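If you count the sequence shown from 1, you need to add 114 to reach the working numbering.
The C-beta atom is built at its ideal place from N, Cα and C for all residues, glycine as well.
Bear in mind the structure is a predicted one, so any value in this text is a computation, not a measurement.
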Amino acid sequence: MFTVPLADNAELRPLEPWQAPEFFAHIERARAHMDPWIGWAGRSTDLDSARATLQGYADRQAADAGRLFGIWLDGTLVGGTMFVSFSTATAIAEIGVWTEPAGEGHGLVGAAVRHLIEYAFTVRGLHRLEWHTSPDNVRSQALARRMGMTLDGTLRESYLNNGVFHDAQIWSILAHEWQPTAA
Numbered sequence: 115m116f117t118v119p120l121a122d123n124a125e126l127r128p129l130e131p132w133q134a135p136e137f138f139a140h141i142e143r144a145r146a147h148m149d150p151w152i153g154w155a156g157r158s159t160d161l162d163s164a165r166a167t168l169q170g171y172a173d174r175q176a177a178d179a180g181r182l183f184g185i186w187l188d189g190t191l192v193g194g195t196m197f198v199s200f201s202t203a204t205a206i207a208e209i210g211v212w213t214e215p216a217g218e219g220h221g222l223v224g225a226a227v228r229h230l231i232e233y234a235f236t237v238r239g240l241h242r243l244e245w246h247t248s249p250d251n252v253r254s255q256a257l258a259r260r261m262g263m264t265l266d267g268t269l270r271e272s273y274l275n276n277g278v279f280h281d282a283q284i285w286s287i288l289a290h291e292w293q294p295t296a297a
């Protein structure tokens, strides 16, 4: 298994179905923090459904259509990042993130996102990366800005979460705009 150091005490690595107990424990700690923003958090309500969430991403990875990575701080899963979608045919992917409060304020999510952006553009040759977030998620918008993304617009009531339709901001960065040293 590979790991990418994010800090002296933190690393990014694949998050896979066999890690469902650890993933579910993390979701339980983070549920109130994640539920407004991350749809699969509300669907991962027990060990079986948490495993199904991880299996869904494993299936996407096998199809080269998405991937899921965890962020471990001092050996504890505290968040992660993912390619929600990934298409070499269209050269477009969507990146998403999540964290529990213990993972905030260390720069780990930003470091992890930079690795995914670099991989998508320089290794896989993608052209466009998207970031979808709620207009209410100020922290997510700030991270998109720090990554050099531009707000493309807002899709009104475009996704359903917890029985309510929500607006989604779409941010993006193009391969020729990515500057790893300035990110």
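In the structure shown, Phe138 falls within a helical segment according to DSSP collapsed to helix, strand and coil. Under the three-state reduction of DSSP, Gly189 is assigned to coil, being neither helix nor strand. When only Cα atoms are considered, Ala256 and Pro294 end up about 17 Å apart. The beta carbons of Leu120 and Leu129 sit about 14 Å from each other, so the pair does not count as a contact at 8 Å.
If you draw a 10 Å sphere on the C-beta of Arg181, you find 16 or more other C-beta atoms in it, and that means buried. By the CB criterion at 8 Å, Phe235 and Ala289 fall inside the cutoff. Cβ-Cβ distances below 8 Å link Pro215 to Ala144, His147 in the same chain, with the five nearest sequence neighbours on each side left out; the list follows chain order. Between Ser248 and Asp281 the beta-carbon gap is near 7 Å, inside 8 Å, which marks them as a contact.
Annotated as proximal: Leu243 and Ser286, with beta-carbon spacing under 8 Å. Three or more beta-carbon pairs separated by less than 8 Å are not found between the segment 219-227 and the segment 164-176, which leaves the two stretches without contact. Per DSSP, reduced to three states, the secondary structure at Arg270 is strand. Of the candidates Ala134, Thr204, Gly189, Thr213, the residue whose Cα lies closest to the Cα of Met196 is Thr213. By the C-beta density criterion, Ala203 is exposed, having fewer than 16 other C-beta atoms within 10 angstroms. Exclusion of the five residues before and after Asn275 leaves Gly153 as the residues of its chain whose Cβ lies within less than 6 Å of its Cβ. With at least 16 other beta carbons inside 10 angstroms of its own, Gly217 counts as buried.
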